[in-house]
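Engineer: The working numbering puts the first residue of the sequence shown at 35, with every later residue one more than the last.
One structure, as structure tokens, below. Some questions next.
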Amino acid sequence: MRARRLVSVLLVLAGSALVASPAAAATPSYVKAAEGRPQELVARESVLLARLEQLRELGRLYGKNYWPGWDILSTPIAVHDQGRLAVLIQHPNPPAHFTRVETPLVSTPVYVSTNTSGMLANTALPLNGVVTSMITYDTMMTAEAEDALAVCLHEFFHAYRQRIAPQKFGDILVLVFGRYPEFSIDNNAWLSLEALLLDQALDERDRRHARGLAQRFLAVRAVRRRLLPADLVRFERGEEANEGLSQYVEYRFLSQRLKGYAGTEPLRRLDPGFSGFRRNRVLLRRRLAPLTDLALAGPTLRERLYPLGMAQAVLLDRLWPGWQKEFETTEKFLDELLADAAGFPTGDNVAVQTLYQRALQGPGIDWKGIQEQVRREMAGRAREREKLLAELFPPGAAELEVDVSGVRGQFHLHGVNPNTLLALPDGRLLARFLVVDFGYAEECALRVVNGAVIYDPARQTYLLSVPPELLPAPDAAFPLEVQTRTFNVHVEKGTILTGTNRRVLRAEPTAPRPQSN
């Protein structure tokens with residue numbers, strides 16, 4: 035399979051901000067509608083439709099409180115269950131394979147299709163030329179209703195952020211190429227201290243003291259970032275804007291004073307997982323919990339930027355009401371806006387160092403304890419990933435290594451799930467969903483879906499575990515393709531190096547490199 039046939043658009047599959055409920059066993063489950071015609075399918079999805087209408091009503095009543103100027107009712111929404119069902123609302127021009135169905139449960143046209151091609155995970159992608167919020171059926175239906183609504187608002191805001199600040203996101207290649215120091219004890223300890231200072235600032239009732247804590251947060255960040263290259267700083271800021279602001283919208287929803295509002299009548303009547311928003315405060319505390327223990331945000335660096343971005347936005351609400359306009363109309367990111375709001379002495383190294391020392395010695399701060407906790411966490415994380423590697427690449431299994439060092443002059447990323455990109459202690463990177471091709475003439479293509487591949491940035495190789503019988507013969511002819519249930523490798527031209535239970539495919543250029551003027 036040639037690279038051009040793999041995927042025609044870049045898919046960055048954003049994992050949802052859903053936090054697993056401790057009482058998951060008590061969460062109601064919903065029986066999926068069986069196959070049938072669109073009208074029959076949608077007729078059996080009454081809870082799904084009721085939740086969609088509840089989202090619309092939240093938009094009508096409170097949308098402007100989540101973000102000034104945001105019209106949730108203008109955001110197309112597609113709920114999809116792979117290979118079974120896609121339900122689309124608020125889309126101005128649905129694709130031809132969608133059929134309009136009648137239902138009294140939703141106050142806007144509903145379109146249904148059994149074709150879910152191109153709909154993956156929770157993210158925002160173009161659908162028939164219009165950026166559409168994609169929500170998985172499981173996200174929409176297996177969580178407590180209020181949690182599902184919060185996650186859906188998170189995903190909706192991704193689509194809106196692409197309109198108001200299209201350049202404010204993190205370069206995913208930082209993760210794809212394993213450039214971020216995920217196992218750095220110093221960097222992770224400073225990040226944990228930043229989170230704790232933001233938590234203290236949010237708890238501080240005195241506005242002047244909150245501003246002082248914001249300055250200390252910014253000082254710690256300034257010291258930490260002296261050791262980071264500019265592209266990694268830009269990545270952090272971009273992801274805090276991208277994912278952090280989407281989680282901020284969750285915060286705005288969960289902290290909203292509803293003044294007796296208990297949801298739509300159909301949702302209260304049909305959905306056993308809906309509490310009338312009574313559990314919102316519990317869900318809010320769950321979102322804030324990582325500020326005092328950053329490991330709760332998730333095992334990857336990217337997930338830890340969610341609460342950090344959210345907390346900065348919440349603090350900006352207090353220190354600079356109306357800051358959103360500045361975010362939309364300038365190139366400044368959240369921490370730069372917070373520096374303006376808090377009067378941070380940017381560029382004054384002596385003042386910054388003084389604030390940094392105050393942060394280390396401040397009340398409620400145990401810097402040595404934070405460092406020790408991070409050391410234990412990093413050691414535990416390393417053990418977990420070594421165990422995972424042993425499961426995915428068992429000793430004695432056949433291995434296929436694809437060497438792309440000769441065709442890295444051109445690189446195309448077609449699909450990735452960033453929340454399954456796991457850094458390894460030795461500097462390599464484990465990916466579970468990755469679609470890429472290399473070279474000026476597509477000399478090499480790699481597609482991994484629900485599988486596992488290890489990228490070695492030092493050697494520019496991709497390692498895959500493969501059944502021995504699928505290893506290419508030492509004298510196999512090119513173009514060469516190796517395909518299993520979870521991956522596909524295509525090499526147009528190259529050489530094969532053989533070893534015991536192992537092959538190395540070294541991709542080579544098939545066309546001269548274009549001359550630059």
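For glycine and all other residues, C-beta sits at the position ideal for the given N, C-alpha and C.
How about LEU252 and GLN234: do their beta carbons lie closer than 8 angstroms?
Structural biologist: Locating residue 252 in the sequence shown gives position 218, where the first residue counts as 1. Locating residue 234 in the sequence shown gives position 200, where the first residue counts as 1. Contact flag unset, no.
Engineer: Using 10 angstroms around the beta-carbon of VAL140, count the other beta-carbons present and answer buried if the total reaches 16, otherwise exposed.
Structural biologist: Taking the sequence shown and counting its residues from 1, the one referred to as residue 140 is at position 106. Buried, by the Cβ-count rule.
Engineer: Determine whether the beta carbon atoms of GLN281 and TYR340 lie at a separation below 8 angstroms.
Structural biologist: Position 247 of the sequence shown, counted from the start, is the residue given in the question as residue 281. Position 306 of the sequence shown, counted from the start, is the residue given in the question as residue 340. Contact: yes.
Engineer: Would you mind giving the Cβ-Cβ distance between LEU328 and ALA393, rounded to the nearest angstrom? I have them listed as a contact below 8 angstroms.
Structural biologist: Position 294 of the sequence shown, counted from the first residue, corresponds to residue 328. Position 359 of the sequence shown, counted from the first residue, corresponds to residue 393. With a Cβ gap of about 16 angstroms, LEU328 and ALA393 do not count as contacting.
Engineer: Taking buried to mean at least 16 other C-beta atoms within 10 Å of its own C-beta, is LEU95 buried or exposed?
Structural biologist: By 1-based counting over the sequence shown, the position of residue 95 is 61. So LEU95 counts as exposed.
Engineer: In this structure, what does DSSP give as the bridge partners for LEU122?
Structural biologist: The residue given as residue 122 occupies position 88 in the sequence shown. Partner(s): ALA112, TYR145.
Engineer: Using beta-carbon positions only, say whether ASP437 and GLN494 come within less than 8 angstroms of one another.
Structural biologist: The count along the sequence shown starts at 1 and reaches residue 437 at position 403. The count along the sequence shown starts at 1 and reaches residue 494 at position 460. Their beta carbons are under 8 angstroms apart, which means ASP437 touches GLN494 by this criterion.
Engineer: Can you check the region 277-326 for any alpha helix (DSSP H) of at least 4 residues that lies completely inside it and give the ranges in chain order?
Structural biologist: Listed in chain order, they are 279-289, 299-304, 314-322.
Engineer: Looking at C-alpha atoms only, which residue of ALA275, GLY307, GLN249 is the closest neighbour of ASP382?
Structural biologist: As a position in the sequence shown, residue 382 is number 348, starting the count at 1. Ranking ALA275, GLY307, GLN249 by Cα distance to ASP382 puts GLN249 first.
Engineer: Could you round the C-beta distance between GLY15 and ASP205 to whole angstroms and report it? I think they count as a contact, below 8 angstroms.
Structural biologist: Limits of the chain in this structure are 35 at one end and 551 at the other, which puts residue 15 out of reach.
Engineer: Given that a residue counts as buried once 16 or more other Cβ atoms are within 10 Å of its Cβ, and exposed if not, what is GLU477?
Structural biologist: Along the sequence shown, read from residue 1 onward, the residue named residue 477 stands at position 443. Buried, by the Cβ-count rule.
Engineer: What are the start and end residues of the alpha helix (DSSP H) that includes MET168?
Structural biologist: The sequence position of residue 168 within the sequence shown is 134, counting from 1. That residue, MET168, is in no alpha helix (DSSP H); its beta strand (DSSP E) goes 164-170.
Engineer: How long is the line joining the alpha carbons of PHE367 and LYS202, rounded to whole angstroms?
Structural biologist: Here residue 367 corresponds to residue number 333 of the sequence shown, with the count starting at 1. Here residue 202 corresponds to residue number 168 of the sequence shown, with the count starting at 1. For PHE367 and LYS202, the distance between alpha carbons rounds to 8 angstroms.
Engineer: Quick one: using the 10 Å Cβ neighbour count with 16 as the cut-off for buried, is THR326 buried or exposed?
Structural biologist: Indexing the sequence shown from 1 puts residue 326 at position 292. So THR326 counts as exposed.
Engineer: How big is the Cα-Cα spacing for LYS527 and THR520?
Structural biologist: As a first step, residue 527 must be located in the sequence shown, where it is residue number 493. As a first step, residue 520 must be located in the sequence shown, where it is residue number 486. One C-alpha to the other measures close to 23 angstroms.
Engineer: Going along the chain, which unbroken runs of the alpha helix (DSSP H) with 4 or more residues stay wholly within the region 230-281?
Structural biologist: Runs of the alpha helix (DSSP H) inside the region 230-281: 241-259, 264-273.
Engineer: Kindly confirm or deny that the region 214-227 and the region 280-299 touch, where touching means at least three C-beta pairs closer than 8 angstroms.
Structural biologist: No contact exists between the region 214-227 and the region 280-299.
Engineer: Just to confirm, are PHE445 and THR454 a CB contact at a threshold of 8 angstroms?
Structural biologist: As a position in the sequence shown, residue 445 is number 411, starting the count at 1. As a position in the sequence shown, residue 454 is number 420, starting the count at 1. Contact flag unset, no.
Engineer: For the 8 angstroms Cβ check, are there 3 or more pairs between the region 352-369 and the region 389-405?
Structural biologist: The answer is no - the region 389-405 does not touch the region 352-369, with fewer than three Cβ pairs under 8 angstroms.
Engineer: Measure the CB-CB distance between PRO506 and HIS524 and report whether it falls below 8 angstroms.
Structural biologist: In the sequence shown, residue 506 corresponds to position 472, counting from 1. In the sequence shown, residue 524 corresponds to position 490, counting from 1. Not a contact, by the Cβ cut-off of 8 angstroms.
Engineer: Please name the residue in LEU122, MET174, ALA77 whose C-alpha comes closest to that of GLY307.
Structural biologist: Within the sequence shown, the letter at position 273 stands for residue 307. Measuring from the Cα of GLY307, the nearest candidate turns out to be MET174.
Engineer: Is there contact here, the region 80-92 with the region 162-177, by at least three beta-carbon pairs under 8 angstroms?
Structural biologist: Touching, yes.
Engineer: Do LEU236 and ALA130 have their C-beta atoms within less than 8 angstroms of each other?
Structural biologist: Taking the sequence shown and counting its residues from 1, the one referred to as residue 236 is at position 202. Taking the sequence shown and counting its residues from 1, the one referred to as residue 130 is at position 96. No. Outside cutoff.
Engineer: Using only the alpha-carbon positions, how far apart do GLN405 and ARG321 sit?
Structural biologist: Here residue 405 corresponds to residue number 371 of the sequence shown, with the count starting at 1. Here residue 321 corresponds to residue number 287 of the sequence shown, with the count starting at 1. Going from the Cα of GLN405 to the Cα of ARG321 covers about 23 angstroms.
Engineer: Given this structure, state the Cα-to-Cα distance separating GLY473 from GLY443, to the nearest angstrom.
Structural biologist: To locate residue 473, count along the sequence shown from 1; it is residue 439. To locate residue 443, count along the sequence shown from 1; it is residue 409. Those two C-alpha atoms are separated by around 6 angstroms.
Engineer: For THR388, count neighbouring C-beta atoms within 10 Å of its own C-beta (all shown protein chains included) and say buried if the count is 16 or more, exposed if not.
Structural biologist: Working through the sequence shown from its first residue, we reach residue 388 at position 354. That one is exposed.
Engineer: Cutting at 7 angstroms between CB atoms, please list the residues of its own chain near VAL408, excluding the five before and the five after it.
Structural biologist: Here the question's residue 408 lines up with position 374 in the sequence shown. Cβ within range, chain order: ILE219, ASN222, ALA223, SER226.
Engineer: Could you check if PRO138 is buried or exposed, using at least 16 other CB atoms within 10 Å of its CB as the buried criterion?
Structural biologist: In the sequence shown, residue 138 corresponds to position 104, counting from 1. Label assigned to PRO138: exposed.
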